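Here the structure is laid out as structure tokens; the discussion comes afterwards.
Numbering (my numbering), first residue to last: 666 to 1002.
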């Protein structure tokens, strides 16, 4: 974590949080004193080099805080007298973000599975099987030959055959047939596969299945707003339309190949753009890269990493407002110029 301090009438501090940085270089692009430098993002992303994406020169940094307001990914923090400047009304405000409606959410967990930043945690409380099914199961251990067929076939992993190791006939002698009541579904598969009638089961739930009460699944979804890059994977994958995302930028990524200058995408032979993309928006097919515009956040990391320099991020608008300073308007406006 790099940081810079200045003390005076106000104590100011800029902190770079590498754990949420995406290596886009937006902060270094707009820094008016060239105090921020983007490191070798491709080796860093691939784990070849152990260093931060951004290097901060404390001697050049004037702690203006501009970088923190230009960064839409929470990687730069600006404090004035130990208070977060982003909460102060005189500074610019980002309005992008992600929201998951807990009432519409069905707790399927797909958003957690697809989130490229591990920013979503689905916590659900599932009812116990024993509260949903009922029945009876009896065992005759004297009939058991310890073949373990029932144990292997049980779809709920509810059966454990215990053998008496001290027996003269070893594995063919069972000391106990343990049925876990928390797991058993009384499906009767064990009874059907047992060659010696050592297990008998009755499913009382099956006899009255029409009257089984509705199954209630409770829980909630926790969104880490600091780690979230608002790529909208959750919104695109959600089957119940519970996730809603407003991205920081609008625009597109352009692939500008030039055969005469030997500037062509080498696809699988390179995959630099794929490795640095923080939102899994890039795929490779037919020796070319393709950008999924639905989940791309237009951060520009792919453009910085491309060795052929054939990628261009064209931002047309951004969700940043309340820019009161004319000089800041000019600098921040360059992000969509």
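By construction, the Cβ of each residue, glycine as well, lies at the ideal position given by its N, Cα and C atoms. These figures come from a predicted structure and were not determined experimentally.
When the Cα atoms are used, residue 667 and residue 716 turn out to be separated by approximately 11 Å. Three or more beta-carbon pairs separated by less than 8 Å link the region 788-802 to the region 869-889, which places the two stretches in contact. For residue 866, the pairing in a beta bridge is given by DSSP as 802. At the C-beta level, residue 1000 and residue 980 come within 9 Å of one another.
Runs of beta strand (DSSP E) with 3 or more residues, each lying fully within the region 724-791, are found at 741-745, 762-765 and 785-790, listed in chain order. Residue 962 and residue 864 have their C-alpha atoms roughly 58 Å apart. Contact annotation: the region 899-912 does not touch the region 926-934, with fewer than three C-beta pairs closer than 8 Å. Each residue's CA atom was taken as its position, placing residue 759 and residue 868 some 58 Å apart. Residue pairing for residue 827: DSSP places it in a beta bridge opposite 841.
Buried is the label assigned to residue 983, since at least 16 other Cβ atoms lie within 10 Å of its Cβ. Contact annotation, residue 764 with residue 685: C-beta distance approximately 19 Å; criterion of less than 8 Å not satisfied. A distance below 6 Å between beta-carbons, with the five flanking residues on each side excluded, links residue 952 to the following residues of its chain, in chain order: 932.
Proximity of the region 808-825 to the region 854-863 meets the contact definition, three or more beta-carbon pairs being nearer than 8 Å. By the criterion of at least three beta-carbon pairs nearer than 8 Å, the region 696-713 is in contact with the region 938-950. Secondary-structure assignment with DSSP links residue 888 through a beta bridge to 785. With a cut-off of 8 Å on Cβ pairs, the region 800-814 is in contact with the region 822-829, counting three or more such pairs.
Distance between residue 780 and residue 900, taken at the CA atoms: about 10 Å. Per the coordinates, the alpha-carbon of residue 850 lies some 14 Å from the alpha-carbon of residue 873. The alpha-carbon separation between residue 841 and residue 777 amounts to approximately 41 Å. At a Cβ-Cβ threshold of 9 Å, residue 994 and residue 930 do not count as neighbours.
Judged by beta-carbon spacing, residue 707 lies beyond the 9 Å limit of residue 720, meaning their Cβ atoms are not closer than that value. Residue 741 has its alpha-carbon roughly 7 Å from the corresponding atom of residue 679. Shortest Cα-Cα distance from residue 770 to any of 732, 756, 671 and 788 involves 788. Going by DSSP, residue 693 is part of no beta strand (DSSP E) but of the alpha helix (DSSP H) stretching over 691-695.
Within the same chain, 918, 946 and 947 come within 7 Å of residue 956 by CB-CB distance, once the 5 residues on both sides are set aside. Taking 9 Å as the cut-off, the beta carbon of residue 701 is found no closer than this to the beta carbon of residue 675. Ranked by how close their Cα comes to the Cα of residue 915, the residues 904, 964 and 682 have 964 in first place.
DSSP, reduced to helix, strand and coil, places residue 986 within a strand of the structure shown.
In this structure, residue 785 lies away from residue 894, with their beta-carbon atoms at least 9 Å apart. By DSSP's assignment, residue 997 forms no beta bridge with any residue.
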